[in-house]
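Since the structure comes first, as structure tokens, the remarks are kept for the end.
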Amino acid sequence: MDKIRATHELHQRRLSRNVGLGIVLVLFIGIVYGLTIAKVGTDPNDELGAEWAAGQERAAK
Amino acid sequence: MTDTSILDQDRDAGFGDYVALLKPRVMSLVVFTAFVGLLVAPGGINPFVGLCAILFIAVGGGASGALNMWWDADIDAKMRRTQGRPIPTGRVRPEEALGLGVALTGFSVVMLFLATNWVAGGLLAFTIFFYVVIYTMWLKRWTPQNIVIGGAAGAFPPMIGWAAVTGDITIESILMFALTFAWTPPHFWSLALFVKSDYAKADVPMLTVTHGRRATRNHILAYTIVLAGVALGLGLTSIGGPAYMAVAAVLNLWFIKGAISIWRRTDADSDADSHLVERKFFKFSLFYLFIHFGMLLVEHSLAPYGLGGW
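From first to last, the protein sequence lines are chains A and B. Note that this note's numbering numbers the first sequence so that position 2 is 2, with each residue one more than the last. Numbers given in this note's numbering equal positions in the second sequence, counted from 1, plus 61.
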């Protein structure tokens, strides 16, 4: 019987793909998180954003 | 192909091969012009949202690149310039490119819509449709005006950037579109005059082949004159200004002068100095587009000091 190998040669070959995809997914999480903060923080209809909108209005005057 | 080719390590696709499907070099023009469109738009946008919008526009552009490589794999394999692409070399299967292209199209359009508005998302979807279906599938192999049509697809990004901020299509964004649109034919056809290409081998109609080099020279001049009108017209809108206008006047005079010299030359003249004028014109065309969009940025950044704009 074959010895059980810790990593199949396939994993080695596909390392760059897997690492690349991993990085892309982590970046995507960062983007969705960042967008949430940015959009919630600038929506005049909620608490966080009301403050921001008031600031914008002051700056405009 | 042998049975072992599937196990051949050298030919296995790496992450870089999937990135290559997205045509990263074309993306630099997309990112730059989208960035200008977004920045000069009135109203302003949260910087992080703006950054994400440009990223989604770039990913959408990449998706259309992948779909283009899926559809054109047969002709890419016949031409020297494109033989090294991931599909012709066998590192990526055509179905994979199709899958990646479709997935990234959906992703980029939905994300741009969620991050900004439906006008920007819709324009991005239309751009991808236009490039993949109208240009790649339909007109590229059918008409020598293919460059003009393909150029339209490449011209949308500043309009999308503008719409991301304003949610609108206005004369400014249409003229920014028209600038890249009218610029592409003289840019590309001057290249076609001095680069020996093998489009004929792939049965792709190129103006230099179907209508000859004389007709190509005429076309370059005609589009360059149209381009000058567009470039100066853009200067009269709310995003233009005296600085843009001054620079544009010089650049367009210079560009028209170059187009006239190309128009006056015969192929014998051109061969005699190994296409010196055509080469110079092509090089200048890169600079031309970059400076025009750059000057829009300059006008925008001068505005807080009361200097930009009219």
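Each residue gets a CB set at the ideal place from its N, CA and C atoms; glycine is no exception.
Taking a contact as a CB-CB distance under 8 Å, the pair residue 304 of chain B and residue 237 of chain B does not count as one, their CB atoms being some 17 Å apart. Here residue 230 of chain B carries a coil assignment [DSSP, helix/strand/coil].
Around residue 159 of chain B, the same chain offers 131 as residues with beta carbons nearer than 6 Å, after the five sequence neighbours per side are excluded. Secondary structure in the stretch 190-275 of chain B: the alpha helix (DSSP H) runs of 4 residues or longer, each lying completely within the stretch, are 207-216, 218-227, 232-255 and 268-271 in chain order. The alpha-carbon of residue 164 of chain B is positioned some 22 Å away from that of residue 15 of chain A. Here residue 299 of chain B carries a coil assignment [DSSP, helix/strand/coil]. Within the stretch 12-27 of chain A, those residues whose Cβ lies closer than 8 Å to any Cβ of chain B are, in chain order, 13, 14, 16, 17, 19, 20 and 21.
Neighbourhood of residue 35 of chain A in chain B, by CB distance below 8 Å: 109, 110, 113, 175 and 176, in chain order. When Cβ-Cβ separations below 9 Å define contact, residue 228 of chain B makes no contact with chain A.
Proximity of residue 79 of chain B to chain A, defined by a Cβ-Cβ separation below 9 Å, is satisfied. Around the C-beta of residue 201 of chain B, 16 or more other C-beta atoms lie within 10 Å, and the residue is accordingly described as buried. Under the three-state reduction of DSSP output, residue 172 of chain B falls in the helix class. One Cα belongs to residue 340 of chain B, the other to residue 119 of chain B, and the distance between them is close to 29 Å.
For the options B/89, B/240, B/264 and B/206, the alpha carbon positioned closest to that of residue 133 of chain B is the one of B/264. Take the alpha-carbon of residue 232 of chain B and the one of residue 154 of chain B: they are about 43 Å apart. Per DSSP, the continuous alpha helix (DSSP H) segment holding residue 33 of chain A begins and ends at 15-41. Not a single CB atom of chain B sits nearer than 9 Å to the CB of residue 59 of chain A. The DSSP-derived three-state label of residue 149 of chain B is coil.
When DSSP states are grouped into helix, strand and coil, residue 8 of chain A belongs to the coil group. Per DSSP, the unbroken alpha helix (DSSP H) holding residue 77 of chain B starts and ends at 76-82.
Residue 129 of chain B: member of the alpha helix (DSSP H) spanning 108-132, first to last residue. According to the DSSP assignment, residue 330 of chain B belongs to the alpha helix (DSSP H) that extends over 328-333. Chain order gives no chain B residues near residue 54 of chain A, where near means a beta carbon separation below 9 Å; the closest approach is about 16 Å. Comparing alpha-carbon positions, the option among B/226, B/225 and B/241 lying closest to residue 209 of chain B turns out to be B/241. Counting only the Cα atoms, residue 301 of chain B lies some 39 Å from residue 271 of chain B. Judged by DSSP secondary structure, residue 85 of chain B falls within the alpha helix (DSSP H) whose first and last residues are 85-101. Residue 31 of chain A has a beta carbon lying within less than 9 Å of a beta carbon in chain B.
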